[in-house]
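Chains as they are written, first to last, in the working numbering: chain A, 2 to 226; chain B, 2 to 226. Glycine included, each C-beta is placed from N, C-alpha and C at the ideal position.
Number of protein chains: 2
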Amino acid sequence: MDELAKALPKSGPPAPEIADWIRSQIRASRFVPGQRLVEVDIIRRTGGSRSKVREAFQRLAAEGLLEIEEFRGASVREASLEEVSQLYRARAALEGICAADFTRLATDEDKEQLREIAQKMETCVEAGSAEQFGKLNSDWHSMIMRVTRNHVIAELVSRLNTPVHHLLFQSFYRGNRMTQAIEDHRAILDAIMNDDPEGAEKAMRQHVENGLEFLTSLDKALFGP
Amino acid sequence: MDELAKALPKSGPPAPEIADWIRSQIRASRFVPGQRLVEVDIIRRTGGSRSKVREAFQRLAAEGLLEIEEFRGASVREASLEEVSQLYRARAALEGICAADFTRLATDEDKEQLREIAQKMETCVEAGSAEQFGKLNSDWHSMIMRVTRNHVIAELVSRLNTPVHHLLFQSFYRGNRMTQAIEDHRAILDAIMNDDPEGAEKAMRQHVENGLEFLTSLDKALFGP
DNA sequence: GCCGATCATATTGTCAACAATTTCGTCATC
DNA sequence: GATGACGAAATTGTTGACAATATGATCGGC
């Protein structure tokens with residue numbers, strides 16, 4: 002009864018908040034793939050009742066984030082490389098169309114703001130601060146989502162990202178991922194500035210595909226020869 | 002303890018199966034938007050225990066299909082027209098990319114099979130059997146999904162469709178929706194046969210957008226002047 | 001030391017009882 | 001007849017106890 006419970010003086014947090022908490026733990030790599038989530042442990046940490054915790058597990062299982070086995074409980078699901086690949090294909094489609102919509106909908110201020118974030122990211126590369134880079138990268142993609150005003154797609158992309166969030170974080174530390182991303186962003190921004198929705202979409206898709214390629218190479222470096 | 006219980010001689014169905022059952026009821030318009038889902042009622046009909054039913058509710062709420070209010074229970078969520086519009090934009094992106102992938106991956110037999118389904122649909126128009134048309138339409142889109150072998154996208158599209166499934170069903174009965182769909186399918190198929198992935202993608206997006214336009218006009222005809 | 005059986009513990013699955021809240025009918029009052 | 005207070009019934013929220021299963025330790029035999 003320490004972490005979430007303190008933030009919420011109520012009797013107990015409802016299932017969605019417990020789910021949020023678990024999700025945040027996974028995104029922060031405090032819960033890693035394969036790890037078992039014991040009910041009493043979550044109860045202690047969140048202050049939620051057992052039924053609430055179990056309901057939260059069901060929610061997360063529906064999202065594909067947890068795996069529930071009979072009499073063995075919930076564990077963080079490990080996405081296979083094949084699944085990650087499919088997931089990135091979905092992201093390419095969704096973020097691609099958002100890039101096109103952004104090009105059509107964005108005001109000059111919006112575009113300028115996007116350019117500024119990209120610029121800050123470049124300074125991060127020079128400073129070698131991958132952590133800050135990751136945060137700005139999130140801002141950059143969120144900015145596009147916000148302008149297109151499609152909550153459904155924003156939610157979907159967020160969910161699609163959760164299972165690989167911990168890997169993304171690592172990836173910026175490795176190889177030339179940051180400079181690659183910078184180049185991609187510049188290509189996207191160029192198309193946006195030229196009022197070329199199709200070009201922006203194409204560039205965004207390429208950006209996502211590059212991300213996938215980097216993840217697969219990262220996977221090989223970590224696990225297989 | 003009548004419907005699902007009979008089909009399953011086990012002690013009681015697990016939460017995911019109860020969720021499936023409720024989902025099917027919604028798709029079949031037996032549960033309509035706004036309708037409250039009383040726990041004991043679901044328990045009687047499925048044979049599940051109360052905790053199972055509640056967990057199933059949470060799953061469906063996570064999918065956005067149900068709405069859960071404190072002390073008021075679960076009810077079928079009504080998707081606003083704005084939300085349906087966003088949802089179709091997502092579908093356009095996802096199914097569009099699948100059409101392109103299908104063009105690249107499909108064997109000649111696959112393409113032929115797709116053409117056959119489309120042909121059967123044309124006979125349905127002549128016979129005026131909207132119900133059969135709807136079923137074949139599902140087959141047509143499923144066929145594309147199957148060939149592209151992307152379970153993630155297939156699952157997403159299925160979920161995106163569930164909230165409007167009951168409207169889709171009606172829409173085929175109205176106006177010229179069927180002939181419109183036939184034309185769209187023909188355009189998509191033409192691009193596929195010409196090995197033109199981008200053309201197929203474009204045509205598929207247009208097809209989805211047409212579906213949305215039809216839904217909005219249907220909505221106006223039903224509710225607003 | 002290694003292997004398998006056996007048992008204690010930990011964990012999850014199920015259920016029933018009780019508390020809290022909403023819902024709906026009843027009735028008195030205006 | 002409309003309105004609002006009251007209370008019974010229905011419904012949901014919460015908790016705890018018990019059953020079923022898995023997990024891990026212990027022990028005996030080889």
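- Here the C-alpha atom of B:D109 lies approximately 11 Å from the C-alpha atom of B:D196.
- Interface residue (Cβ-Cβ distance to chain A less than 8 Å): B:S76 is not classified as such.
- A straight line joining the alpha-carbon of A:V153 with that of B:Q87 spans about 6 Å.
- Under the Cβ criterion of 8 Å, A:E123 is not counted among the residues facing chain B.
- When secondary structure is reduced to three states using DSSP, B:A75 falls in the strand class.
- Under the Cβ distance rule, B:S52 counts among the residues neighbouring chain A, one pair being separated by less than 8 Å.
- Residue-level contact by beta carbon fails for A:N211 and chain B, as no gap is shorter than 8 Å.
- Sequence-distant Cβ neighbours of B:P164 in its own chain, meaning closer than 6 Å and more than five residues away, are A80.
- At a cut-off of 8 Å, the C-beta of A:H152 has a neighbouring C-beta in chain B.
- Taking C-beta atoms under 8 Å as the contact rule, A:S50 and A:G13 qualify, at a distance of about 6 Å.
- Rounded to whole angstroms, B:N177 and B:F58 show a C-alpha spacing of 37 Å.
- The Cβ atoms of B:L190 and B:L115 sit closer than 8 Å to each other.
- The beta carbon of B:I98 falls within 8 Å of a beta carbon belonging to chain A, placing the residue at that interface.
- Contact between B:F134 and B:M179 holds: their C-beta atoms lie close to 6 Å from each other, under 8 Å.
- A direct Cα-to-Cα measurement between A:R37 and A:E68 gives close to 9 Å.
- DSSP places B:E68 within a strand segment (E or B) once states are collapsed to three.
- Under the DSSP assignment, B:Y89 falls in the alpha helix (DSSP H) whose first and last residues are L82 to L106.
- A direct Cα-Cα distance of roughly 24 Å separates A:H142 from B:K203.
- Around the beta-carbon of B:V54, 16 or more other beta-carbon atoms lie within 10 Å, marking it buried.
- Pairing A:R105 with A:A75, the inter-Cα distance amounts to about 44 Å.
- Interface criterion not met: the Cβ of B:Q120 is under 8 Å from no Cβ in chain A.
- The Cβ neighbour count for B:V33, taken over all protein chains shown within 10 Å, is under 16; the residue is labelled exposed.
- When only Cα atoms are considered, A:A62 and B:T124 end up about 42 Å apart.
- Looking at A:C99, A:G48, A:E40 and A:A91, the one whose alpha-carbon comes closest to that of A:R73 is A:E40.
- Straight across, the Cα-Cα distance linking A:T149 with B:E70 is about 30 Å.
- Inclusion of B:V126 and B:I183 in the CB contact set at 8 Å is warranted, their separation being smaller than that value.
- Secondary structure in the region 178–206 of chain A: the alpha helix (DSSP H) runs of 4 residues or longer, each lying completely within the stretch, are 178–194 in chain order.
- Counting only unbroken stretches of 4 or more residues, the alpha helix (DSSP H) elements lying wholly within the region 101–168 of chain B are 109–128, 131–149 and 152–162, in sequence order.
- Close CB contacts of A:R60 within its chain, under the 6 Å cut and outside five residues either way in sequence, are with A20 (chain order).
- In the displayed model, A:R51 falls within a helix according to three-state DSSP.
- Taken through DSSP and simplified to helix, strand or coil, B:R46 comes out as helix.
- The Cβ atoms of B:Q181 and B:N211 lie closer than 8 Å to each other.
- Per DSSP, reduced to three states, the secondary structure at B:R175 is coil, with no helix or strand assignment.
- When secondary structure is reduced to three states using DSSP, B:R31 falls in the coil class, being assigned neither helix nor strand.
- Contacts between A:E70 and chain B, judged by CB atoms closer than 7 Å, are missing: the closest CB pair is about 11 Å apart.
- Within the DSSP secondary-structure output, A:R60 pairs in no beta bridge.
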